[in-house]
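Working notes, beginning with the structure itself.
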């Protein structure tokens, strides 16, 4: 009953966007506020919309150009996502960029977006090989990708053990969601196991992940030093509760970021205490920007969430970051094309030339909330760093600095995978030098 009330509360937000008007920059919002992932989706898109409102209210838009948006409910379903893409791509003079927060929908729309020249922002999800901008011209796995994060997990464990050489001979289990998403990091982890000499086993949990008794009995028998958790939705609290039942220490479980929100930890109760998860955007209201959004937007009664208590939570701050990246891409593109409503292709150039350094983060009021980002024609990720946090029973607390991806392993794999995709699709890789 409590979960139902929470989902309804989060869904009771303003679903209509600004009234579309000539001379505005249109940003489509393909959200999910109903269905199995409504709680996280509502907070994420609430944070993104709050930032767009904030830019309009505080700065009068970007370069004098107001931002407009319209939401379309995907329910996190591929067919609905494609419908939303087609419905919104031509509105308001043309879509700036899409962020579906769904690997499946992104895969389903990639070729359409390439044809339509509209960038897809896959912040922390989607194809890891899309880092290679020479092949994936319109896809941007900004901040960090699944492969980069997987290598950061191994590096974090190495730090905990006292050095990467201490990984040799250790036992690590990769407990993963039984889907394409869950399986995506297996090749990278296998390569890292070979490089560092640890014993790695993969155990699948059939979707949605509520039943895990046999998997955790297998883990108990194997007695691993660490468990890498690649979960989503209900799988996360189920894993933590199952670990508690078999006596596996939660501070030896390292999850990816989609298993590292308040929803995941709170739902597991006491079983979550000590649990560790990756992050690409730190939570909390200590950042001046988050405080000013609450003061400016919610103070004027224009906040997107019905409950202010969710401001500063993990998924909310991720949504704000999504808004920042969208706005920074538009601002960057305006420096080349002028302060006017821009096309998706022009904003693609902006995404490809981002430089959000420490100085810019301070100006935005988000110092160290996320890693510094610098993209290029060759590099559509722009960072590759992950930070780890631990649940103390009521809050997430950082337990590492920003950890860089092991590019000696990830880099060649990205290149090989991108080249294979280019051959399959008949894509001639770009000559970045010739485009300068």
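Residue numbers (this note's numbering): 1 to 436. Glycine is no exception: its CB is placed at the ideal position from the N, C-alpha and C atoms.
Asked                                                                                                                                                                  : Found
How far does the beta strand (DSSP E) with residue 174 in it extend, from its first residue to its last?                                                               : 171-178
With a cut-off of 8 Å on the beta carbons, I'd call residue 375 and residue 351 a contact; round off their distance for me.                                            : 6 Å
Which word fits residue 363, buried or exposed, when buried means at least 16 other C-beta atoms lie within 10 angstroms of its C-beta?                                : exposed
Does residue 405 pass the burial test, meaning 16 or more other C-beta atoms within 10 Å, or should it be called exposed?                                              : buried
Tell me the DSSP secondary structure of residue 388 in three-state form.                                                                                               : strand
Let's test the definition: count the other Cβ atoms within 10 Å of the Cβ of residue 335 and tell me whether it reaches 16, buried, or not, exposed.                   : exposed
Is it the case that the segment 173-192 contacts the segment 151-164, given that we only count it when at least three CB pairs across the two stretches are under 8 Å? : yes
How far does the alpha helix (DSSP H) with residue 481 in it reach, from first residue to last?                                                                        : Coverage of the chain is limited to positions 1 through 436, which leaves residue 481 absent and any answer about it impossible.
Just the C-alpha distance for residue 169 and residue 296, rounded to the nearest angstrom, thanks.                                                                    : 54 Å
Would you tell me roughly how many angstroms separate the C-alpha atoms of residue 213 and residue 263, rounded to the nearest one?                                    : 22 Å
Can you tell me whether residue 410 is buried or exposed, with buried defined as 16 or more other CB within 10 angstroms of its CB?                                    : buried
For the structure I just gave you, are there three or more beta carbon pairs, one from the segment 199-207 and one from the segment 169-179, closer than 8 Å?          : yes
When DSSP builds the beta bridges, which residues end up paired with residue 227?                                                                                      : 173, 253
Across which residues does DSSP place residue 73 in a beta bridge pair?                                                                                                : 31
In the DSSP output, which residue or residues are listed as bridge partners for residue 379?                                                                           : 132
Pick out whichever of 42, 57, 67, 48 has its Cα sitting closest to the Cα of residue 73.                                                                               : 42
Report the CB separation of residue 277 from residue 389 in whole angstroms; it is logged as a contact under 8 Å.                                                      : 6 Å
Compare the beta carbon distance of residue 429 and residue 418 with 9 Å and say whether it is the shorter of the two.                                                 : yes
When the Cα atoms are used, what is the spatial distance from residue 150 to residue 228?                                                                              : 9 Å
Alpha carbon to alpha carbon, how far is residue 357 from residue 90?                                                                                                  : 33 Å
Using only CA atoms, which one of 223, 205, 224 lies nearest to residue 215?                                                                                           : 205
When you compare only the Cα positions, how much space is there between residue 119 and residue 69?                                                                    : 16 Å
Express the C-alpha separation of residue 181 and residue 144 in angstroms, rounding to a whole number.                                                                : 15 Å
When the Cβ atoms of the segment 51-59 are set against those of the segment 122-141, are three or more pairs found closer than 8 Å?                                    : no
Under the rule that 16 or more other beta-carbon atoms within 10 Å means buried, what is residue 366, buried or exposed?                                               : buried
Indicate, with yes or no, if the ligand COA has a heavy atom lying under 8 Å from the CB of residue 51.                                                                : Among the components of this structure there are no ligands whatsoever, and the ligand COA is therefore not found.
Residues in the same chain with beta-carbon distance under 6 Å from residue 167, minus the five sequence neighbours each way, listed in chain order, please.           : 158, 196, 198
Just grab the DSSP bridge partners of residue 25 for me.                                                                                                               : 67
Taking buried to mean at least 16 other C-beta atoms within 10 Å of its own C-beta, is residue 249 buried or exposed?                                                  : exposed
Contact between the segment 81-100 and the segment 55-66 is defined here as three or more beta-carbon pairs at a separation below 8 Å; is this criterion met?          : no
Beta carbon of residue 333, beta carbon of residue 321: below 9 Å?                                                                                                     : no
Between the beta-carbon of residue 484 and the beta-carbon of residue 312, is there less than 9 Å?                                                                     : Any answer about residue 484 is impossible in this case: the structure gives the chain only from 1 up to 436.
Leaving out the 5 sequence neighbours to the left and right, which residues in its chain are closer than 6 Å to residue 100 when beta-carbon positions are compared?   : 30, 81, 106
Could you give the uninterrupted runs of the alpha helix (DSSP H) lying entirely in the segment 257-331, keeping only those of 4 residues or more?                     : 262-268, 288-293
Taking the straight line between their C-alpha atoms, what separation do you get for residue 426 and residue 135?                                                      : 10 Å
Roughly how many angstroms separate the alpha carbons of residue 211 and residue 233, rounded to a whole number?                                                       : 13 Å
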